[in-house]
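Participant: The listed protein sequences correspond, in order, to chains A and B. Quick note on numbering: the working numbering labels position 349 of the first sequence as 780, and the sequence is numbered without any gaps. Quick note on numbering: the working numbering labels position 108 of the second sequence as 325, and the sequence is numbered without any gaps. Cβ atoms here follow ideal geometry from the backbone N, Cα and C, with glycine treated the same way. These numbers were taken from a predicted model, which means no experiment stands behind them.
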Amino acid sequence: MLNSFRCKSRRFFKLLPRAGWLLLLTTVYIVFSSTWSPVEYVELGEAQIVQTTKPQVCVHTLLENEVQELKIKRSLELVREMGATTIVQFFPWAYFEPSDDKYNWTQADIIVRHAKNQGLRIIARLGLVPDWARPATSEGRATTLNYLPEASFDDFAEYASQLAARYLEEIRHFIIWNEPNLSFEWGYRPVDPAAYVRLLELSYRAIKDANPQALVLAGALAPTNEMPGSPAGLNEFSYLREMYSSGAAPYFDALAVHSYGSTEPADAEPSADRLNFRRLEFLRQIMVEADDDAKPVFITESGWNDHPRWSGAVRPSQRLQYTIKAFEFAESNWSWAEQLCIWAFRYPAPLNGYPDNFTLVSPEFDLKPIYYAIQDYARGWERGATGWLPPPEEP
Amino acid sequence: MSVRKRLALSLGLVVISSSLLFLFASWTERPADKSKAFPRGVIVVGVDASIPPFASDDGQAVYGLDIDLANAIAGTIDLPIRFLNIGYYGLYDALISGEVDILISALRVEEARMDDVRYTRHYFDNGLLLVTPVEKPITSLDRLAGQRVAYEFGSRAETELRVLEDKNEAVTRLPYELPTYALDSLRLEYADAAIVDAITLRLYQRRFADWRSAQRSLTRDPYAIAARHDNRDAWRLVDGALAALKENGELDKIIALWL
């Protein structure tokens with residue numbers, strides 16, 4: 432018995448070096464396979480043209496965080512098939528210039544290549560500050576990715592210029608920042624229209640130097656009722672007036688605005704103290720008063736949300752009806768509105784909150800009824816009633 | 218003793234002693250430090266007060282299920298509390314930048330955020346339910362084939378129904394404009410089953426207290442509380458308080474008050 436055990440032990444230890452090799456090879460395989468991935472090769476396919484009867488239809492895409500090229504391609508195919516001519520796409524500075532003067536355009540190149548191939552016009556939205564361009568903390572708190580110190584305005588403008596130069600043919604519209612009238616979007620600081628105008632001027636000059644044909648969009652202003660002095664931001668009317676009084680007019684070619692319907696129908700009367708779709712008519716009035724109404728307005732975010740609990744949401748059936756009415760209303764009444772862009776086409780992954788209910792397509796590429804409704808409208812299709820039943824009646 | 222035997226013995230001893238050390242460390246973990254967890258001496262809670270009945274804002278104060286839960290947690294930890302009403306998009310930034318200590322805001326657990334955030338155990342599950350009459354329960358999803366199923370048009374119930382149909386045979390679809398219409402349809406026997414979320418069903422049952430239904434869970438949608446990843450003490454205190462509230466039935470009472 433003891434001899435047999437010894438014999439087995441000897442055999443085990445003889446095998447140990449072989450087992451060691453096996454272990455080493457397994458480790459190498461695991462490390463190699465987890466760090467190396469095959470180069471994804473996605474064919475562009477034939478160049479496409481958007482078939483649409485409504486050229487103002489546009490959507491905001493979020494492809495900067497989409498890992499798989501195939502999904503970027505699929506998203507843009509679906510945008511085109513829906514009949515949208517244009518996308519608003521975020522080009523985050525922090526992603527594409529991770530170190531000072533060291534650019535990595537890989538993701539941007541993929542997005543631009545596929546958008547161009549699908550025949551889509553790109554409106555580039557710029558923002559998001561890399562670590563190297565902002566202090567780690569301010570007033571004892573960590574700075575956020577929206578914190579742009581004035582000392583880095585030149586660096587931001589340089590990034591805008593590099594982007595404009597790289598995509599000379601493909602991108603001609605640039606939005607400088609996002610919702611600068613909200614303190615959250617201004618790095619949790621009090622909003623500062625005069626500082627924003629200085630950023631706008633630097634960016635405008637840099638972009639025009641790189642591409643004189645480019646159009647610079649100011650804003651995009653968020654709809655909000657915040658009064659002067661509020662820690663949360665400043666209403667878009669006061670903000671735009673302050674922009675004009677700070678000398679903004681020569682430094683933008685169009686105004687970008689966000690116009691959400693909230694819980695009201697698309698044609699509800701505009702109101703300065705309620706958030707609704709037509710509220711932006713007051714902004715237009717300020718442009719007229721500033722003798723700046725030759726410039727168009729781009730509605731770069733819009734839409735309704737159909738989350739079942741959020742207080743700013745409507746039911747999915749209402750969302751569908753209000754959205755189509757919004758397109759019709761803008762087409763009939765707002766000749767100055769060049770695009771109406773729906774927020775948002777699709778998120779790469781769920782956000783697990785009410786913002787998920789702004790999308791037209793799920794992360795898994797399920798097309799929501801709202802997608803089909805916009806497609807019918809844009810392409811002039813009569814699909815018949817997409818329907819729901821009348822409320823059940825008590826017998 | 219040969220070299221090989223010594224090697225094997227040493228390896229064994231290392232493994233055993235490491236395991237014992239790990240067990241000892243876990244067993245003797247120091248108690249969570251309140252002053253480290255909440256250095257302001259007050260628990261600052263970030264909330265998006267736009268998700269009734271979890272949190273709303275009447276202009277004077279925030280109120281709702283999450284607010285009652287936060288107050289109960291603060292009572293258990295024995296610290297005062299302050300609420301900061303932040304929009305959804307600013308919630309996690311406010312937590313990470315230290316503006317607030319924890320988030321209690323009908324938050325769903327997000328794996329992608331777990332490098333920055335620790336979530337507690339869940340306190341409510343708003344998953345989708347397959348609701349059927351109590352006298353005719355559909356015990357297996359296979360038996361859904363050919364049945365009349367009511368749901369809200371364009372909602373996640375519709376998406377889930379599509380998933381069910383992919384796995385089973387088709388059903389007769391009854392889409393309605395409101396989820397409550399779907400439940401009306403079931404109650405009035407136009408439908409054999411309805412798909413709604415847990416909140417909708419609980420609120421409906423308050424209106425029709427005599428109506429009885431059977432439910433089967435289709436999806437999970439757990440809500441939890443978030444603390445900063447580097448503030449383990451806050452997470453331990455809040456999770457511990459939540460466990461105590463679950464244990465003593467206080468959490469159920471708070472939920473029953475609002476849902």
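#1: Are there 16 or more other CB atoms within 10 angstroms of the CB of B:A362, so buried, or fewer, so exposed?
#2: Tell me, please, whether the CB atom of A:F615 is closer than 8 Å to any CB atom in chain B?
#3: Give the list of continuous alpha helix (DSSP H) stretches no shorter than 4 residues that lie fully inside the segment 270-346 of chain B.
#4: B:G263: beta carbon under 7 Å from a heavy atom of the ligand FMN?
#5: Counting pairs of beta carbons, one from the segment 656-670 of chain A and one from the segment 605-624 of chain A, are three or more of them closer than 8 Å?
#6: Counting only the same chain and skipping the five closest in sequence on each side, list residues whose C-beta sits under 8 Å from that of A:L433.
#7: Between B:V261 and the rest of its own chain, which residues show a CB-CB distance below 7 Å, the 5 nearest in sequence each way excluded?
#8: Report the option in A:A555, A:Y627, A:D586 whose CA atom is closest to the CA atom of A:I602.
#9: Where are the alpha helix (DSSP H) runs, 4 residues long or more, that stay fully inside the segment 593-641 of chain A, in chain order?
#10: Can you name the residues of chain A whose CB is closer than 9 Å to the CB of B:I416?
#11: Within the same chain, show all residues whose beta-carbon is closer than 7 Å to that of A:D723, passing over the 5 residues directly before and after it, in chain order.
#12: CB B:P396 to CB A:L820, shorter than 8 Å?
#13: Closer than 9 Å, Cβ to Cβ, to anything on chain B: give me those residues from the segment 766-782 of chain A, in chain order.
#14: Start and end of the beta strand (DSSP E) containing B:D414?
#15: In the DSSP assignment, what residue or residues form a beta bridge with A:W774?
#16: Tell me where the alpha helix (DSSP H) around A:S733 begins and ends.
#17: Could you list which residues in chain B have their beta carbon closer than 8 Å to that of A:E825, in chain order?
#18: Would you mind working out which of A:W617, A:I730, A:P786, A:D698 sits nearest B:R325, comparing C-alpha positions?
#19: For the segment 341-357 of chain B against the segment 422-433 of chain B, are there 3 or more C-beta pairs whose distance is under 8 Å?
#20: Do you know offhand how far B:N343's Cα is from A:A780's?
#21: Tell me where the alpha helix (DSSP H) around A:H545 begins and ends.
#22: Between the beta-carbon of B:V380 and the beta-carbon of B:A411, is there less than 8 Å?
#23: Looking only at C-alpha atoms, which of B:F425, B:V348, B:A441, B:A329 sits nearest to B:V264?
#24: On the DSSP bridge assignment, give the partners of A:L521 in chain order.
#25: Within 8 Å (strictly less), CB to CB, does B:G292 reach chain A?
#26: Using the beta-carbon count (16 or more within 10 Å), is A:R565 buried or exposed?
#27: What are the residues of the segment 672-705 of chain A that lie near chain B, defined by any Cβ-Cβ distance shorter than 8 Å?
#28: Could you please give the first and the last residue of the uninterrupted beta strand (DSSP E) stretch that includes B:Q364?
#29: Taking the alpha-carbon positions, what's the A:V510 to A:R750 distance?
#30: At least one CB of chain A closer than 8 Å to the CB of B:Y393: is that the case?
#31: Buried or exposed: A:T671, going by 16 or more other Cβ atoms within 10 Å of its Cβ?
#32: Short of 7 Å in beta carbon distance, which residues of its chain neighbour A:N707, apart from the five on each side in sequence? Order them along the chain.
#33: Please determine, among B:G229, B:P269, B:I294, the residue with the shortest C-alpha to C-alpha distance to B:L459.
#34: For chain A, check one thing: does any of its Cβ atoms lie closer than 8 Å to the Cβ of B:P256?
#35: Could you tell me whether the Cβ of B:S314 comes closer than 8 Å to any Cβ of chain A?
#36: For A:V498, count neighbouring Cβ atoms within 10 angstroms of its own Cβ and tell me buried if that reaches 16, exposed if not.
Facilitator: Reading from the atomic positions:
#1: So B:A362 ends up on the exposed side.
#2: yes
#3: 282-294, 305-313
#4: Among the ligands in the structure shown, none appear at all, so the ligand FMN cannot be discussed.
#5: Counting Cβ pairs under 8 Å, three or more are found: they touch.
#6: Low per-residue confidence applies at A:L433: pLDDT is 49, beneath 50, and the placement is therefore not dependable, though the value from the model is reported in the following sentence. Same-chain partners within the cutoff: there are none.
#7: Leaving aside the five residues that flank B:V261 on each side, the residues in its chain whose CB is nearer than 7 Å to its CB run, in chain order, R299, L301, V317, D318.
#8: A:A555
#9: The segment 593-641 of chain A contains these whole alpha helix (DSSP H) runs: 624-641.
#10: P739, R740
#11: A680
#12: no
#13: A780, P781, L782
#14: 410-414
#15: A:H491
#16: First-last for A:S733: 728-734, but that is the beta strand (DSSP E), not the alpha helix (DSSP H).
#17: The contacting residues are L405.
#18: A:P786
#19: yes
#20: 20 Å
#21: 537-548
#22: no
#23: B:A441
#24: The identity of residue 521 of chain A in the sequence shown is Phe, whereas the question assumes Leu. Its beta-bridge partners are A:R556.
#25: no
#26: buried
#27: Within the segment 672-705 of chain A, no residue qualifies.
#28: Taken as a continuous stretch (DSSP letters only), B:Q364 belongs to no beta strand (DSSP E), as it is neither H nor E.
#29: 19 Å
#30: yes
#31: Checking the sequence, you will find Leu at residue 671 of chain A rather than Thr. Buried is the call here.
#32: G692, S693, E695, A699, P701
#33: Looking at B:G229, B:P269, B:I294, the one whose alpha-carbon comes closest to that of B:L459 is B:I294.
#34: Judged by the 8 Å Cβ criterion, B:P256 is not in contact with chain A.
#35: yes
#36: exposed
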